[in-house]
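Residue numbers (mature numbering (1 follows the signal peptide of the UniProt record, and there is no 0)): -24 to -1, 1 to 151.
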């Protein structure tokens, strides 16, 4: 029961974050005239990343959540520290330090987008599209929610072990 509440709460947070993006004027077709290959570039980048590392879809969704949860979906979570200054980027700040991953995937997708449409698509939009496609790639990989739920019931962990595992960034699930 406790795990169900955690999953439900997490899903509600993700939906709220996605709703914030929807209100930010990113609509299907927004870049059709200025960057017609954008959708396929992001899709291919995410498909490649998830094929190499199956957990990357979840990592990109988590990266997007951490970006949106603080001050809206502005891609500030992608900011690096500025050497020689007092500026600490969100990437290395507090709870994000050594916690988030997938930056290299977003950087690779951004490089491909820039090669095709220079200075056209914002990093925030690339991160939002990558999070959307991360979910789509995992969904189309053939693993159903039913399989995930069945597997979680078969794990047979004690309740305190489940909670401890969910709180740790080192928790690993294998299929």
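Here a beta-carbon is modelled for each residue, glycine too, at the ideal position from N, C-alpha and C.
Which of helix, strand or coil does DSSP assign to residue i?
{"i": "residue 52", "result": "helix"}
{"i": "residue 43", "result": "helix"}
{"i": "residue 20", "result": "helix"}
{"i": "residue 59", "result": "coil"}
{"i": "residue 71", "result": "helix"}
{"i": "residue 97", "result": "coil"}
{"i": "residue 83", "result": "helix"}
{"i": "residue 9", "result": "coil"}
{"i": "residue 105", "result": "helix"}
{"i": "residue 33", "result": "helix"}
{"i": "residue 76", "result": "coil"}
{"i": "residue 91", "result": "helix"}
{"i": "residue 25", "result": "helix"}
{"i": "residue 3", "result": "coil"}
Under 8 angstroms by Cβ, that's how I've got residue i and residue j pegged, so tell me the actual separation to the nearest angstrom.
{"i": "residue 89", "j": "residue 102", "result": "6 angstroms"}
{"i": "residue 78", "j": "residue 36", "result": "5 angstroms"}
In chain order, what residues of the same chain lie with their CB nearer than 6 angstroms to the CB of residue i, ignoring the 5 residues before and after it?
{"i": "residue 33", "result": "26, 110, 113 and 114"}
{"i": "residue 28", "result": "none"}
{"i": "residue 23", "result": "113"}
{"i": "residue 107", "result": "36, 37 and 40"}
{"i": "residue 93", "result": "11"}
Leaving aside the five residues before and after residue i along the sequence, list all residues of the same chain whose C-beta is less than 7 angstroms from its C-beta, in chain order.
{"i": "residue 72", "result": "42, 53 and 66"}
{"i": "residue 19", "result": "109"}
{"i": "residue 84", "result": "21"}
{"i": "residue 68", "result": "57"}
{"i": "residue 64", "result": "57"}
{"i": "residue 5", "result": "none"}
Please go through the same chain and pick out, in chain order, the residues whose beta-carbon is closer than 8 angstroms to the beta-carbon of residue i, but skip the five residues on each side of it.
{"i": "residue 98", "result": "51"}
{"i": "residue 76", "result": "35, 38, 39, 42, 53 and 67"}
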